[in-house]
Amino acid sequence: MCYFQVEIRGGATLGLTGNATLRTKAVSGDHTGQLNILSGQQFDIISEHTLMPFSIFSRSDSSVTLPMSLDCKNVEMSLFGELNSLDHLKLSSHCIVGLQHSGDLAININHLDVKTFGSLLINDWVPGSTSLTGTTLNVRSGGMIRAGDLQLHYTNISLEPSSFLSVQYDPEAQLQVGSDVGYGVSSTSGSSGAGHGGNGGQGSSQNTVGTSYGYFAMPTDPGSSGGHAVFPHMGGEGAGKLFLETTDTLTIDGTLEAKGGDSRSPHSGGGSGGSIWIQTEIFDGDGTLNVGGGSGDDGGGGGAGGFAAIYYAYNHYSGDLITAGGESFYEPGGSGMVYLHHLQPINGTKLLDATSPEARIHHQSNVTSPLTNRTLYLNNLGRLPRVALRNMTTYYEAVRNIGAVTWLEPSEVAPIVRERNTPSHIYTKINIIIDELHVYGGAEIGFVRPSHRGMSSISD
Numbered sequence: 005m006c007y008f009q010v011e012i013r014g015g016a017t018l019g020l021t022g023n024a025t026l027r028t029k030a031v032s033g034d035h036t037g038q039l040n041i042l043s044g045q046q047f048d049i050i051s052e053h054t055l056m057p058f059s060i061f062s063r064s065d066s067s068v069t070l071p072m073s074l075d076c077k078n079v080e081m082s083l084f085g086e087l088n089s090l091d092h093l094k095l096s097s098h099c100i101v102g103l104q105h106s107g108d109l110a111i112n113i114n115h116l117d118v119k120t121f122g123s124l125l126i127n128d129w130v131p132g133s134t135s136l137t138g139t140t141l142n143v144r145s146g147g148m149i150r151a152g153d154l155q156l157h158y159t160n161i162s163l164e165p166s167s168f169l170s171v172q173y174d175p176e177a178q179l180q181v182g183s184d185v186g187y188g189v190s191s192t193s194g195s196s197g198a199g200h201g202g203n204g205g206q207g208s209s210q211n212t213v214g215t216s217y218g219y220f221a222m223p224t225d226p227g228s229s230g231g232h233a234v235f236p237h238m239g240g241e242g243a244g245k246l247f248l249e250t251t252d253t254l255t256i257d258g259t260l261e262a263k264g265g266d267s268r269s270p271h272s273g274g275g276s277g278g279s280i281w282i283q284t285e286i287f288d289g290d291g292t293l294n295v296g297g298g299s300g301d302d303g304g305g306g307g308a309g310g311f312a313a314i315y316y317a318y319n320h321y322s323g324d325l326i327t328a329g330g331e332s333f334y335e336p337g338g339s340g341m342v343y344l345h346h347l348q349p350i351n352g353t354k355l356l357d358a359t360s361p362e363a364r365i366h367h368q369s370n371v372t373s374p375l376t377n378r379t380l381y382l383n384n385l386g387r388l389p390r391v392a393l394r395n396m397t398t399y400y401e402a403v404r405n406i407g408a409v410t411w412l413e414p415s416e417v418a419p420i421v422r423e424r425n426t427p428s429h430i431y432t433k434i435n436i437i438i439d440e441l442h443v444y445g446g447a448e449i450g451f452v453r454p455s456h457r458g459m460s461s462i463s464d
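At position 265 of the sequence shown the residue is numbered 269 (the working numbering), and the sequence of numbers has no breaks.
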C-alpha cells in the first residue's frame, strides 16, 4: 500500500493485516494517534524530513524506515524491530523513543539530539548490546538516555547540566544480571549485597557476600543483583555497562551513571554498580560520573560500587567521581574504583613513566618530560564496615566472608594503551602499575591474585 499521506488523529489507532507494507510520502496528526506495526509488517516514510505527528509501536521482526532527518514531540515511538540509519534524530519535549531488540544491534545516527524532557530508552529490558555511531551526540538539560548494554562511538559527546545518560536496567524488568560470584546471598531476615568493583555488605543473617570480579583497567561486566529471600522478593538490580569512545571531546556537565539499584523487597541486598569504559582525546566538564552501589533494605547489605576506566589525552574534568557502595543499616557495600589513564598525545609526545627513578629526578627539578598518570581512585563517602578495626589478612582464603572491602586484582592493559603509548620503561614480574592511589571515605583495599588469592606485588 502506497499513499501520499497517512493521517491519524483524535486518539485513533491504525493497524495493518497480514504481512502488509505501508508506504507514505507524508504523515500528519495531532499527536494523539497511534500506528501499530506487527511482526512481518513494514512501514516506510519516503521523505527527507518529518516532524512525527503520531506514536508508532512496532513489534519484533517488523521493519520501520524513518526519514533521514526526524523530529518528534509529544509522541512515543517503541521500535522492536529493524530500523534504518538516520542523519538527524531530535527528541524534543515529551518525545519518548524506545529501541528494543533481542541480540546485538548496530545503528548509525549521525547527529543525535535529546532535548529537554526528551527520552531515549535503549534495550533496557532484555540483554543484548546496542552500538550507536555518528558525529555528534548531545543530551540537553532535562533530557535522558537509558540503556542496559550500550556502546557509543562519536566524534563529540556532550551532557548538559541536569541531563542523564544511565546504563541501568529497568527495575520492572526484574532481570538477574551479573556474575555468579557477584550475586548477593539470600537470607530470610537479612540478605547480603552484590559485589563488583568491591565486596557487597553483609546481611544481618548472611555473612557471605557478593564479591568482586572483573578488571579495573578494562571494565566490561554489568553489576550483579543483591540477595533476596524467596520469590517474588527481589534484591536491587545490577547496573549495566557502557563503552564510550569520542575521537575529539567528551563533556560531562550532567550525570553519567552505572549505579546499582536499591533493594526492592524487605531484608534484601542492594545491587552493585556496573561498568563505564571511556576513551577520549579531551575529557571535560564538571558534572557527575557515578558507579556507586545500591542501598540495602532493613537488615540487607549494601551493594558494592562498580568500575569506571577513563583514558584521555587531555583532562579538564573537575566534576564528581562517585564509587561508594550502597548504604545499609547493617553494613554498606564496598567502594568501587575509577581508573584514570593519561594517553600519549596524537602528536607523538612520549610520556616518561612516573614510577621510574628518572621521572622522580625530572619531577624534582623542572619536569623536563611529560609524565604518565595512572590514577586509581576509591571513596566510600564515610560508609564504614560494620567492624571497623579488623584484620583483613585473615580473609584472603575466604574473600566472600568479609563485607565492605575492595579487592584489587591484576588487570590486563587496555588495547588503546598498547596502540597509543610507547613505554619508557619495561617492568617484569609486576602485576599492577599505578602512579597514584587515592583511598578516601573509609574505603578499604586489599591486593589479591585471582588464581589463589595470594598477595600481589605492587609498584609504588
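Every residue, glycine too, gets a C-beta built ideally from N, C-alpha and C. A quick note: this is a predicted structure, and the numbers were derived from the prediction, not measured.
Task: Proximity of Pro336 and Arg268 at Cβ, strictly below 8 angstroms - done: In the sequence shown, residue 336 corresponds to position 332, counting from 1. In the sequence shown, residue 268 corresponds to position 264, counting from 1. In this structure, Arg268 does not lie closer than 8 angstroms to Pro336 by Cβ.
Open item on the list: Output needed for Arg63: all residues of its chain with C-beta closer than 6 angstroms, excluding positions within five of it in sequence on either side, in chain order.
Closed with: Position 59 of the sequence shown, counted from the first residue, corresponds to residue 63. Once the five neighbours on either side are set aside, the close Cβ partners of Arg63 are Leu42, Ser43 and Phe84.
Open item on the list: Per the DSSP calculation, His320 is bridged to which residue(s)?
Closed with: Here residue 320 is taken as the residue at index 316 of the sequence shown, counted from 1. Beta-bridge pairing links His320 to Asp288.
TODO: Given a cut-off of 8 angstroms, decide if Val31 and Ser59 are closer than it, judged by their beta-carbon atoms.
DONE: Position 55 of the sequence shown, counted from the start, is the residue given in the question as residue 59. Position 27 of the sequence shown, counted from the start, is the residue given in the question as residue 31. Not in contact: Ser59 and Val31 (Cβ atoms no closer than 8 angstroms).
Task: Exposure of His345, with buried meaning 16 or more beta-carbon neighbours within 10 Å - done: Reading the sequence shown from its first residue, position 341 is the one you call residue 345. With 16 or more other Cβ atoms within 10 Å, it is buried.
Task: Residues that Cys6 bridges to, as DSSP identifies them - done: The residue you call residue 6 lines up with position 2 of the sequence shown. Arg27.
- [ ] To the nearest angstrom, report how far apart Phe496 and His98 are at their CA atoms.
- [x] As displayed, the chain neither begins before 5 nor continues past 464, which places residue 496 out of reach and without an answer.
TODO: Return the residue from the list His115, Gln206, Gly231 and Glu261 that minimises the CA-CA distance to Tyr173.
DONE: Taking the first residue of the sequence shown as position 1, residue 173 is located at position 169. Cα-wise, what sits closest to Tyr173 is Glu261.
Task: Assigned exposure category for Asp290 - 16 Cβ within 10 Å defines buried - done: Working through the sequence shown from its first residue, we reach residue 290 at position 286. That one is exposed.
Task: Three-state secondary structure assigned by DSSP to Val403 - done: Your numbering for residue 403 matches position 399 in the sequence shown. Helix.
Open item on the list: Considering only their Cβ atoms, is the gap separating Gly231 from Gly239 smaller than 8 angstroms?
Closed with: Within the sequence shown, the letter at position 235 stands for residue 239. Within the sequence shown, the letter at position 227 stands for residue 231. Yes.
Task: Close beta carbons around Gly306, own chain, < 8 angstroms, minus the five adjacent residues each side - done: By one-based count along the sequence shown, residue 306 stands at place 302. These residues qualify, in order along the chain: Gly197, Gly204, Gly205, Gly273, Gly274, Gly297, Gly298, Ser299, Gly300, Gly329, Gly330, Glu331, Ser332, Glu335, Pro336, Gly337, Arg387 and Ala408.
Open item on the list: Using 8 angstroms as the threshold, is the C-beta distance between Asn410 and Ser216 below it?
Closed with: Counting from 1 along the sequence shown, the entry for residue 410 is found at position 406. Counting from 1 along the sequence shown, the entry for residue 216 is found at position 212. Before going on, a small fix: residue 410 reads as Thr here, not Asn. Yes.
TODO: Report all residues from its chain with a CB closer than 6 angstroms to the CB of Thr192; omit the five preceding and five following residues, and keep chain order.
DONE: Within the sequence shown, numbered from 1, the residue matching residue 192 stands at position 188. Only Ala233 meet the Cβ criterion.
Task: Neighbour-count burial assignment, Glu164, 16 or more Cβ in a 10 Å radius - done: Sequence index remark: in the sequence shown, residue 164 carries index 160 (1-based). By the 10 Å Cβ count, Glu164 comes out buried.
TODO: Apply the 10 Å Cβ neighbour rule to His53 and answer buried if 16 or more other Cβ atoms are within range, or exposed otherwise.
DONE: One-based indexing of the sequence shown puts residue 53 at position 49. Classification of His53: exposed, given that the 10 Å Cβ count is below 16.
Task: Cβ-based neighbour list, Met396, same chain, cut-off 8 angstroms, excluding 5 preceding and 5 following - done: Taking the sequence shown and counting its residues from 1, the one referred to as residue 396 is at position 392. Taken in chain order, the residues that qualify are Ile406, Val409, Glu448 and Gly450.
Open item on the list: Taking the straight line between their C-alpha atoms, what separation do you get for Phe220 and Arg150?
Closed with: Position 216 of the sequence shown holds residue 220. Position 146 of the sequence shown holds residue 150. Phe220 and Arg150: Cα-Cα distance of roughly 23 angstroms.
Task: Contacts around Arg13, its chain only, beta-carbon distance under 6 angstroms, and the 5 residues preceding and following it disregarded - done: For the purposes of this step, residue 13 is identified with residue 9 of the sequence shown, where counting begins at 1. Counting only Cβ-Cβ distances below 6 angstroms, and skipping sequence neighbours, we find Gly33, Asp34 and Gly37.
Task: Proximity of Ser133 and Gln155 at Cβ, strictly below 8 angstroms - done: Along the sequence shown, read from residue 1 onward, the residue named residue 133 stands at position 129. Along the sequence shown, read from residue 1 onward, the residue named residue 155 stands at position 151. In this structure, Gln155 lies closer than 8 angstroms to Ser133 by Cβ.
TODO: State the start and end residues of the unbroken alpha helix (DSSP H) segment that holds Glu423.
DONE: Against the sequence shown, residue 423 aligns to sequence position 419. Where Glu423 is concerned, the enclosing alpha helix (DSSP H) stretches over Pro419 to Arg424.
Open item on the list: Contact defined as beta carbons within less than 8 angstroms: I believe Thr137 pairs with His157. What is the distance between those atoms, to the nearest angstrom?
Closed with: Position 133 of the sequence shown, counted from the first residue, corresponds to residue 137. Position 153 of the sequence shown, counted from the first residue, corresponds to residue 157. 5 angstroms between Cβ atoms; contact.
Task: Start and end residues, beta strand (DSSP E) containing Val118 - done: The residue given as residue 118 occupies position 114 in the sequence shown. Its beta strand (DSSP E) spans residues Leu109 to Val118.
TODO: Could you say which of Asp288, Arg394 and Thr353 lies nearest to Thr376 if we only look at CA atoms?
DONE: In the sequence shown, counting from the first residue as 1, residue 376 sits at position 372. That would be Thr353, whose Cα lies nearest to the Cα of Thr376.
TODO: Write down the C-beta distance between Ala308 and Gly202 rounded to the nearest angstrom, noting that I regard them as a contact closer than 8 angstroms.
DONE: Sequence index remark: in the sequence shown, residue 308 carries index 304 (1-based). Sequence index remark: in the sequence shown, residue 202 carries index 198 (1-based). With a Cβ gap of about 4 angstroms, Ala308 and Gly202 count as contacting.
Task: Where the beta strand (DSSP E) containing His157 begins and where it ends - done: Looking up residue 157 in the sequence shown gives position 153. It spans Asp153 to Leu163 - the beta strand (DSSP E) in which His157 sits, taken as one unbroken run.
- [ ] Round the Cβ separation of Asp324 and Ile286 to the nearest angstrom and send it over; I've been treating them as touching at under 8 angstroms.
- [x] Here the question's residue 324 lines up with position 320 in the sequence shown. Here the question's residue 286 lines up with position 282 in the sequence shown. Incorrect: roughly 19 angstroms between the Cβ atoms, too far for contact.
- [ ] Identify, in the order they occur along the chain, each residue of the same chain with its Cβ nearer than 7 angstroms to the Cβ of Gly22, setting aside the five sequence neighbours on each side.
- [x] By 1-based counting over the sequence shown, the position of residue 22 is 18. Around Gly22: no qualifying Cβ.
Open item on the list: The beta strand (DSSP E) that contains His92, what's its start and end?
Closed with: The residue you call residue 92 lines up with position 88 of the sequence shown. It spans Leu90 to Leu95 - the beta strand (DSSP E) in which His92 sits, taken as one unbroken run.
- [ ] Would you identify the three-state DSSP class for Met56, choosing helix, strand or coil?
- [x] If you number the sequence shown from 1, residue 56 lands on position 52. In the structure shown, Met56 sits in a strand (DSSP, three-state: E or B).
Task: Close beta carbons around Gly107, own chain, < 6 angstroms, minus the five adjacent residues each side - done: Counted from its first residue, the sequence shown places residue 107 at position 103. Closer than 6 angstroms at the Cβ level, and outside the excluded window around Gly107, lie Gly132.
Task: Span of the beta strand (DSSP E), counted from its first residue to its last, around Val443 - done: Sequence index remark: in the sequence shown, residue 443 carries index 439 (1-based). First-last of the beta strand (DSSP E) with Val443: Glu440 to Tyr444.
Task: Local Cβ density within 10 Å of Gln9, reported as buried at 16 or more and exposed below that - done: Sequence index remark: in the sequence shown, residue 9 carries index 5 (1-based). Label assigned to Gln9: exposed.
Open item on the list: Quick check on the DSSP output: the beta strand (DSSP E) that includes Ile430 runs from which residue to which?
Closed with: In the sequence shown, the residue the question calls residue 430 occupies position 426. Ile430 -> no beta strand (DSSP E), and no H or E assigned at all.
Open item on the list: From the DSSP secondary-structure annotation, give me the bridge partner or partners of Leu87.
Closed with: Along the sequence shown, read from residue 1 onward, the residue named residue 87 stands at position 83. Beta-bridge pairing links Leu87 to Val68.
Task: Backbone CA spacing between Gly265 and Gly277 [nearest angstrom] - done: Residue numbering aside, residue 265 sits at position 261 when the sequence shown is read from its first letter. Residue numbering aside, residue 277 sits at position 273 when the sequence shown is read from its first letter. Approximately 8 angstroms, taken between the alpha carbons.
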